[in-house]
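A.B. asks: To start, I am sharing the structure in question, which I have written as C-alpha cells.
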Amino acid sequence: MKNKFLKFGLYSALLGMVLMGFGLLAGRTLNYASQQVLGFVIIIATLVLAIYFGIKKLRDEWHQGYLNFGKAFMYGLLLTFFVGLGIAFMDYIYTQFINPDFYSNYMDYYLETLKNTLPAEEFNIKKAEIEAAPDYQKAAWFMALGMYFATVFWGFFVSLAMAMILKKQKEN
17 MKNKFLKFGL YSALLGMVLM GFGLLAGRTL NYASQQVLGF VIIIATLVLA
67 IYFGIKKLRD EWHQGYLNFG KAFMYGLLLT FFVGLGIAFM DYIYTQFINP
117 DFYSNYMDYY LETLKNTLPA EEFNIKKAEI EAAPDYQKAA WFMALGMYFA
167 TVFWGFFVSL AMAMILKKQK EN
C-alpha cells in the first residue's frame with residue numbers, strides 16, 4: 017500500500033504543479049490583487065481534488081470501503097505535503113526563471129498600495145522595514161518555501177473537512 021500511496025502522492029504533486037503553473041502563466045496579465053485570489057483558488061482547488069479523491073480511493077479500494085476519521089485525516093495531511101511540494105516547485109521555477117523580477121515588481125505594487133492607504137509617517141516606517149528585509153527573503157527559494165507552508169496550512173483544514181466527509185466506520 018505504501019507504493020500505491022506514494023504513487024498517488026506523486027500524482028497529487030503533479031496536479032499541484034500543473035494547476036499552479038497554469039495559474040502563474042495565465043495570471044501574468046492580471047493585477048496583483050487578482051493574482052492573489054487566483055493563487056488562493058488554485059491552492060484550495062488542488063488540495064480539495066487531491067485530498068478528496070485520495071482519501072476516497074484509499075477508503076474504497078484499499079480499506080474495503082471503511083476508513084476512520086484519524087486515518088482519513090492522516091492521509092489528507094500526507095497528500096497535502098505532496099501538493100505543497102508541487103506548488104512550491106512551480107513557484108520556484110516561476111520566480112527564479114520565468115519572472116525573476118517578481119519580487120521587486122510586487123514590492124513596487126505593495127509600496128504603492130501602502131502609500132495610498134497609510135498616513136505618510138506610517139508609510140515611511142513600513143517602507144524602511146521592507147527595504148531592510150534580508151536578501152534571503154527576496155530569493156526564489158524563500159518565496160517557494162512560503163508557498164509550501166501556505167499550502168500546508170490550508171491543507172490542514174481541507175484534510176479536516178475531507179476526513180469528516182469521507183470517514184466511514186464499520187458497523188459492529
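Quick note on numbering: my numbering labels position 20 of the sequence shown as 36, and the sequence is numbered without any gaps.
All C-beta atoms, glycine included, are put in the ideal place defined by N, C-alpha and C.
(1) Relative to the C-alpha of Gln112, which candidate in Asn19, Phe165, Ile59 and Leu40 has its C-alpha closest?
(2) The alpha helix (DSSP H) that contains Glu187, what's its start and end?
(3) Using 8 Å for Cβ pairs, my map puts Met36 next to Ile114. What's the rounded Cβ distance?
(4) Between Phe21, Tyr108 and Val34, which has its C-alpha nearest Ala162's C-alpha?
(5) Taking Ala29 as the reference, which of Ala66, Asp124 and Leu93 has the closest Cα?
(6) If I follow the unbroken alpha helix (DSSP H) through Gly25, where does it start and stop?
(7) According to the neighbour-count rule (16 or more other Cβ atoms, all chains shown, within 10 Å of its Cβ), is Arg75 buried or exposed?
C.D. replies: This is what the structure holds:
(1) Position 96 of the sequence shown holds residue 112. Ranking Asn19, Phe165, Ile59 and Leu40 by Cα distance to Gln112 puts Leu40 first.
(2) Taking the first residue of the sequence shown as 1, we reach residue 187 at position 171. According to the DSSP assignment, Glu187 belongs to no alpha helix (DSSP H), since it is labelled neither H nor E.
(3) Within the sequence shown, residue 36 is the residue found at index 20, counting from 1. Within the sequence shown, residue 114 is the residue found at index 98, counting from 1. Actually they do not touch by this definition, with Cβ atoms about 12 Å apart.
(4) What you label residue 162 is simply residue 146 of the sequence shown in a count that begins at 1. In the sequence on display, residue 162 carries Gly and not Ala. Cα-wise, what sits closest to Gly162 is Tyr108.
(5) In the sequence shown, the residue the question calls residue 29 occupies position 13. Ala29 has its Cα closest to that of Ala66, out of Ala66, Asp124 and Leu93.
(6) Locating residue 25 in the sequence shown gives position 9, counting from the first residue. Counted as a single uninterrupted DSSP element, the alpha helix (DSSP H) harbouring Gly25 occupies residues Lys18 to Ala42.
(7) Within the sequence shown, numbered from 1, the residue matching residue 75 stands at position 59. Flag for Arg75 reads buried.
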